[in-house]
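Taking it in order: structure first as structure tokens, then the write-up.
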Amino acid sequence: MGDDGVVRCGWAGTASDYNEYHDHEWGRPVVDDVRLFEKLCLEGFQSGLAW
12 MGDDGVVRCG WAGTASDYNE YHDHEWGRPV VDDVRLFEKL CLEGFQSGLA
62 W
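Taking the working numbering, the leading residue of the sequence shown gets 12, the next gets one more, and so forth.
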């Protein structure tokens, strides 16, 4: 539980940027096509594919 009384995963820690991500992004379904494409691209970029 954080200082503000919100229960969060252990990885969120006490950093405000992690808390913001955890509370508003993590584990929420994406229903917007543009946001889904953004996430798909970011995952591809982070995977380090070498073609």
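Ideal Cβ positions, reconstructed from N, Cα and C, are used throughout, including at glycine.
What residues in its chain sit with their C-beta under 6 angstroms from that of residue i, if we drop five residues either side in the sequence?
i	result
H33	R19, A23
If you draw a straight line from the alpha carbon of residue i to that of residue j, how long is it in whole angstroms?
i	j	result
L51	D15	33 angstroms
Y29	W37	10 angstroms
E70	Q57	Outside the shown range of the chain, which is 12 to 62, sits residue 70, and nothing can be said about it.
S27	V42	26 angstroms
Alpha helix (DSSP H) containing residue i: first to last residue?
i	result
V41	Where V41 is concerned, there is no enclosing alpha helix (DSSP H), given that its DSSP letter is neither H nor E.
E31	27-35
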